[in-house]
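Visitor: Dumping the structure here so I can ask a few things about it.
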């Protein structure tokens, strides 16, 4: 009996954890000549507020190009030069290579997520908040 309950709980937790946005990115493959403009589209079906564009060069990790915190609201990432973005609604986030060059040859990835709430505040942040709200302070040893 206990094993059956445990099995049901595990299956429930797995199914809850698998709920997420379906992200569609297109075109899947594209080759353009130098100096040409190219726009990549990203669509998601869950109206998540946060969306991100990354690039991954061969042999390197992901690099954030731009991210968005809502419709018509976006910020530069680590490598925004040569790109622009547009987000007219919560479902879509487009990335445009303004003038394609060989150094932009890469794998481009789009993702979306829900905002995550912080459940616990560290003692460092609590202390900073108690000092006039100016953020955390480090103490000398």
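In the UniProt record's numbering, the protein residues as written are 1 to 141.
Note that beta-carbon positions come from the ideal geometry of N, C-alpha and C, so glycine has one too.
Are the beta-carbon atoms of residue 63 and residue 41 separated by less than 8 Å?
Guide: No.
Visitor: Since I believe residue 69 is in contact with residue 143 (beta carbons under 8 Å), could you give me their beta-carbon distance rounded to a whole number of angstroms?
Guide: Residue 143 is absent from the structure shown; the chain starts at 1 and stops at 141.
Visitor: Using the C-alpha atoms, what's the distance from residue 104 back to residue 113?
Guide: Their Cα atoms are separated by approximately 25 Å.
Visitor: With 16 other CB atoms within 10 Å as the buried threshold, where does residue 102 fall?
Guide: The residue in question, residue 102, is exposed, as its Cβ has fewer than 16 Cβ neighbours within 10 Å.
Visitor: On the three-state DSSP scale, how would you describe residue 105?
Guide: Coil.
Visitor: Using the Cβ count rule (16 or more neighbours within 10 Å means buried), how would you classify residue 55?
Guide: By the neighbour-count rule (16 or more Cβ atoms within 10 Å), residue 55 is buried.
Visitor: Answer with buried or exposed for residue 22, where buried requires no fewer than 16 other C-beta atoms within 10 angstroms of its C-beta.
Guide: Classification for residue 22: exposed.
Visitor: If you drop the 5 nearest sequence neighbours on each side, which residues of the same chain put their C-beta closer than 8 Å to that of residue 67?
Guide: Closer than 8 Å at Cβ, skipping near neighbours: 50, 51, 52, 53, 74, 75 and 77.
Visitor: When the Cα atoms are used, what is the spatial distance from residue 29 to residue 117?
Guide: Answer to the nearest angstrom: the Cα atoms are 36 Å apart.
Visitor: The beta strand (DSSP E) spanning residue 76 covers which residue range?
Guide: Note, residue 76: beta strand (DSSP E), 73 to 76.
Visitor: What residues match up with residue 41 in a beta bridge as DSSP calls it?
Guide: DSSP output for residue 41 lists 26 as bridge partner(s).
Visitor: Going by the beta-carbon positions, is the gap between residue 99 and residue 57 smaller than 8 Å?
Guide: Their beta carbons are not under 8 Å apart, which means residue 99 does not touch residue 57 by this criterion.
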